[in-house]
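Quick note, the sequences are listed as chains A and B, same order.
Residues in the first sequence are numbered from 94 upward in steps of one, following the numbering used here.
Residues in the second sequence are numbered from 94 upward in steps of one, following the numbering used here.
Positions of the beta carbon are idealized from the N, C-alpha and C atoms, including for glycine.
Written below as structure tokens is the structure these notes are about.
Protein chains: 2
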Amino acid sequence: MIVGTMAFDAIETPFGKVDKIIGGSATYAAWAASHFVSPIKQVSIIGGDFPAEEIELLKAKDVWFDGVEQLPNDKSFFWSGKYHLDMNNRDTLITDLNVLAKFNPKVPENYQDCDYVMLANLMPSLQFSVIKQLRERPAFLIMDTMNFWMETAMEGLLEVLPHVDLLLVNESEARQLSGEVSLVRAAEKIRAMGPRYIIIKKGEHGALLFYENQLFAAPALPIADVIDPTGAGDSFGGGFIGYLARTGDLSYSNMKAAVVIGSAMASFCVEQFGPQALKTIQPLDIADRVSQFLELMSVDIEVSLFI
Amino acid sequence: MIVGTMAFDAIETPFGKVDKIIGGSATYAAWAASHFVSPIKQVSIIGGDFPAEEIELLKAKDVWFDGVEQLPNDKSFFWSGKYHLDMNNRDTLITDLNVLAKFNPKVPENYQDCDYVMLANLMPSLQFSVIKQLRERPAFLIMDTMNFWMETAMEGLLEVLPHVDLLLVNESEARQLSGEVSLVRAAEKIRAMGPRYIIIKKGEHGALLFYENQLFAAPALPIADVIDPTGAGDSFGGGFIGYLARTGDLSYSNMKAAVVIGSAMASFCVEQFGPQALKTIQPLDIADRVSQFLELMSVDIEVSLFI
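Written out as structure tokens, the structure reads:
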């Protein structure tokens, strides 16, 4: 199950501009997860303007829409942003909530059996309402959040955190949530707020996974031409939870593998505008990409040499 | 052989302040390399104020001073800087060249047999003069540089680059030297300027090694309390070249190992002010730290699962 936004985006990067393409956290996450698991049970809200062909493409990948409310007379959520030359910073130009202002996620009866749940970035009270609707605790529940909620809904955020297994945040969010500059100390403090696992996403610098006294660092794949970083974090999350669902293995060792899978899906995402690349990749592309990551990280050292 | 500065530093970080401690690129590099190889043949210049006991400590680790000129009536090079809260940025407060203004490095006769050479950050013409003094090309020659030389001595820099095997730069230096934002494209362009290997140092985000069409990413060890980042890059370089010299193995596979060793030495360096930590670590500490790096990077994925 994936809970989040399905939206339109207008994006400007140093490499080009798109006026109105499909976006939204749950859209990216569903496309990324669809390569590993089916069905995907989507919870979102869209307007009458959401393209029928985009819905059909997702349904063809066994993405369920029972939990996606469509308001025919309203517009879909719209976000517009502009990236700077280094692609690590962006300015939000427009945020039109539209249907999102009316979002009150409902978990359909036929979604109650979901073992793997991703709560993409949303108002914490909505994330919590989804958790409260679940009659049984899922095997693994991950959530994303953002600075904005730390500034406007910190209390609500602190209320959800004890109910999730893993929190996905970027570096500045980890620092803001914890009040710590050091990411090691930040992860310690956030773990004390509830989640047993913390993933700190560092964009082009990869991702860190914190669990108990263990620590894993996955690099990002250095890419010659990053076209559009939008949705990379959501693609990471979708790939991560999709791989966990596919393997059904919640060991720490498999969590590390899932971080690399998530990183691979993010690396596809940034190569084209919108979720385009995630729609067209094939299993062999994923296998090749994951092999590139393993190559990127592989090293052999005889430690006894020093002693 | 290590060529670079031996100096005094005054450093202020969010964690404290030191007024006048031993620093300089060749000092850090020699301490880092001393754990892997001996002798180390140092080329530098110091004033009458350079502490005799620091020289003795280095000599005890078989660091040779035949190539270190001491001007008894002059002062040693002095640098003072202040780090910001995130430790990734620093302001230079004072740069007193002192003896450095008179530096004209001379390679002593008994240094001519050096197979592994590190030219730490210096004016490119001085780096080149060292290379020209070598009667035989060393087995492996690495050099560091900085933005300042790209702004004031680009022509000289471009003259040295074809003569080195490996260039060490940080992210912003790689971008400035190449005029490319993408690090992949930056490395391509820099390789066309001469060096077969490029290492891009990313501080707390690790390091990238570029060689032909291969790419290796080493993480930095996330550290709870970074006390002083000064000298981390020089410690990296010293550990890297020291390990190559120790193993005598110039395969790409061993270069990757050397990147991890360099990263390990940098991780010790930042845990205390100045080169203090590099002076006190023991072989077992290094073995433990390298094991931590291998743990941090280790992942196992069955790629055939996707096909």
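From the DSSP output, in three-state form, read off residue i for me.
i, result
"leucine 219 of chain A", "helix"
"glycine 117 of chain B", "coil"
"valine 111 of chain B", "strand"
"alanine 311 of chain A", "strand"
"threonine 373 of chain A", "helix"
"valine 136 of chain A", "strand"
"alanine 317 of chain B", "coil"
"glutamate 105 of chain A", "strand"
"valine 274 of chain A", "coil"
"methionine 211 of chain A", "strand"
"isoleucine 283 of chain B", "helix"
"valine 392 of chain B", "coil"
Count the other CB atoms, across all protein chains shown, that sit within 10 Å of the CB of residue i; report buried if there are 16 or more and exposed otherwise.
i, result
"asparagine 263 of chain A", "buried"
"glycine 331 of chain A", "buried"
"glycine 299 of chain A", "buried"
"serine 346 of chain A", "exposed"
"arginine 382 of chain B", "buried"
"isoleucine 354 of chain B", "buried"
"glutamine 220 of chain A", "buried"
"isoleucine 187 of chain A", "exposed"
"asparagine 306 of chain B", "exposed"
"proline 255 of chain B", "exposed"
"aspartate 342 of chain B", "exposed"
"aspartate 321 of chain A", "buried"
"threonine 373 of chain A", "exposed"
"phenylalanine 233 of chain A", "buried"
Shortest alpha-carbon distance to residue i belongs to which of the options?
i, options, result
"glutamate 244 of chain B", "B:Leu387, B:Gln269, B:Arg228 and B:Glu297", "B:Gln269"
"glycine 141 of chain A", "A:Gln163, A:Ile187 and A:Asp378", "A:Gln163"
"methionine 358 of chain A", "A:Lys195, A:Pro165 and A:Gly335", "A:Gly335"
"aspartate 102 of chain A", "A:Glu202, A:Asp189 and A:Phe361", "A:Asp189"
"aspartate 159 of chain A", "A:Asn203, A:Met239, A:Leu387 and A:His256", "A:Asn203"
"valine 200 of chain A", "A:Val161, A:Thr238, A:Tyr304 and A:Leu377", "A:Val161"
"glutamine 135 of chain B", "B:Phe129, B:Ala145, B:Trp124 and B:His128", "B:Trp124"
"phenylalanine 196 of chain B", "B:Arg339, B:Met99, B:Leu178 and B:Asp321", "B:Met99"
"serine 127 of chain A", "A:Leu389, A:Ala370 and A:Phe386", "A:Ala370"
"alanine 313 of chain B", "B:Ile394, B:Gln385, B:Phe170 and B:Leu254", "B:Gln385"
"valine 277 of chain A", "A:Lys113, A:Ile316 and A:Leu301", "A:Leu301"
"methionine 348 of chain B", "B:Ser360, B:Gly324 and B:Ala311", "B:Ala311"
"valine 210 of chain A", "A:Leu151, A:Leu193, A:Asp167 and A:Val130", "A:Val130"
"proline 132 of chain B", "B:Met180, B:Asp208 and B:Val111", "B:Asp208"
"alanine 325 of chain A", "A:Phe309, A:Phe241, A:Asp378 and A:Glu297", "A:Glu297"
"isoleucine 104 of chain A", "A:Glu146, A:Asp155, A:Ala194 and A:Thr185", "A:Thr185"
"glutamate 266 of chain B", "B:Thr238, B:Val363, B:Val352 and B:Thr106", "B:Thr238"
"histidine 177 of chain B", "B:Phe108, B:Arg228 and B:Val223", "B:Phe108"
"proline 198 of chain B", "B:Asn182, B:Gln226 and B:Ser173", "B:Gln226"
Need the endpoints of the beta strand (DSSP E) that residue i sits in, please.
i, result
"isoleucine 292 of chain B", "290–294"
"asparagine 263 of chain A", "259–263"
"phenylalanine 129 of chain B", "Here phenylalanine 129 of chain B belongs to no beta strand (DSSP E), and DSSP marks it neither H nor E."
"phenylalanine 361 of chain B", "Counting along the chain, phenylalanine 361 of chain B falls outside any beta strand (DSSP E), though it belongs to the alpha helix (DSSP H) covering 345–362."
"aspartate 327 of chain B", "Segment 325–340 is the alpha helix (DSSP H) holding aspartate 327 of chain B; no beta strand (DSSP E) there."
"leucine 301 of chain A", "300–304"
(message) Ignoring anything shorter than 3 residues, give me the beta strand (DSSP E) runs that lie fully in the stretch 138–206 of chain B, in order along the chain.
(response) 156–164, 170–176 and 183–189
(request) Identify every run of the alpha helix (DSSP H) within the stretch 217–253 of chain A, keeping only runs that are complete inside it and at least 4 residues long; order them along the chain. (result) 217–226, 240–245 and 247–253
(request) Give the residues from the stretch 373–393 of chain B that approach chain D closer than 7 Å (Cβ to any Cβ), ordered along the chain. (result) The chain inventory of the structure shown lacks chain D, comprising the protein chains A and B.
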